[in-house]
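See below for the structure under consideration.
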Amino acid sequence: MNNRGITVALLGPLEVRQDGAAVRLAGGRVRTLLALLAVSASDTVPVQRLASALWGEELPVNGRRSVQTLVTRLRRALGSHAVSTMPEGYRLDVEPDRVDVLRFRRLLAEAARTRDAAGERLLVAEALALWRGPPFESIDSDWLRTVESAYLLESYLGAIERRIDLDLAEGRHRELIAELMRLTSHHPFRESLWARLLVALGRCGRPAEALASYERLRRRLADELGIEPSAELRRIHASLLHAQTP
10 MNNRGITVAL LGPLEVRQDG AAVRLAGGRV RTLLALLAVS ASDTVPVQRL
60 ASALWGEELP VNGRRSVQTL VTRLRRALGS HAVSTMPEGY RLDVEPDRVD
110 VLRFRRLLAE AARTRDAAGE RLLVAEALAL WRGPPFESID SDWLRTVESA
160 YLLESYLGAI ERRIDLDLAE GRHRELIAEL MRLTSHHPFR ESLWARLLVA
210 LGRCGRPAEA LASYERLRRR LADELGIEPS AELRRIHASL LHAQTP
């Protein structure tokens, strides 16, 4: 990808570049407006949707005029041709692949269609490398947090798990353990990560640690959520116990 044009990074703190040079956007709502337009790059976003996402329930008296004012400020920062006025709203004129959120989605969709495991892993790893932190970290928008961010975070964790599965299939059990321990610490109730940790420990000849990890999780689930481990975890646990039996 060349450095000509606008690039917008939203997977972490907002970063905007114009022809390779950093662009500073002053004002929280201008930053939010850019994020809203960027996640729909090259598509028109209706004025009403922009106003609702920008102000929530505290809509200004003249929402259309208020959005127009913010668009004018955004154009001053990015150039007059960066945002197009359409009959029903506004459009950010940027190639979708120059918005990290959209590039992330494209790479994962391409990976899902790939038959070759090595090629799939490369695409998943490229998508994961786009992440610098929580999505929209420096953007103040309830709509982005509740609608977009939750979906992106789930996609991110799913991509990590898929990359781990590909590594497990290649026999990279030992090198995955530290990462899986960190991930289960950060996401203590995501049982699918724990399942992969137990498998990796078991395949590395560390079944006692795997059983201890299962027991810690079982107690935590019971104490804090009042539930038992998933059927998949119970199956892995039974397999580990069976392997321990003389």
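Residues 10 to 255 in my numbering are what the sequence shown spells out, letter by letter. Note that beta-carbon positions come from the ideal geometry of N, C-alpha and C, so glycine has one too.
Item: Give every residue of the same chain whose Cβ lies closer than 6 Å to the Cβ of residue 137, excluding the five residues on either side of it in the sequence, and list them in chain order.; Value: 168
Item: Mind checking residue 157: buried by the 16 CB within 10 Å criterion, or exposed?; Value: buried
Item: Consult DSSP for residue 133 and reduce its assignment to one of helix, strand or coil.; Value: helix
Item: Kindly provide the ranges of any beta strand (DSSP E) runs that are 3 or more residues long and lie completely inside the stretch 65-100, ordered along the chain.; Value: 92-94
Item: Taking Cβ positions, are residue 226 and residue 203 nearer each other than 8 Å?; Value: yes
Item: Taking the alpha-carbon positions, what's the residue 230 to residue 185 distance?; Value: 24 Å
Item: Could you tell me the alpha carbon to alpha carbon distance between residue 112 and residue 218, rounded to whole angstroms?; Value: 39 Å
Item: Would the stretch 142-154 count as touching the stretch 41-54 if we require 3 or more Cβ pairs under 8 Å?; Value: yes
Item: Strictly by DSSP, which residues pair up with residue 27?; Value: 15 and 30
Item: Determine the direct distance from the alpha carbon of residue 165 to that of residue 51, and round the result to whole angstroms.; Value: 24 Å
Item: For my contact list, residue 206 and residue 193 are in at a C-beta cut-off of 8 Å; report their separation, rounded to the angstrom.; Value: 6 Å
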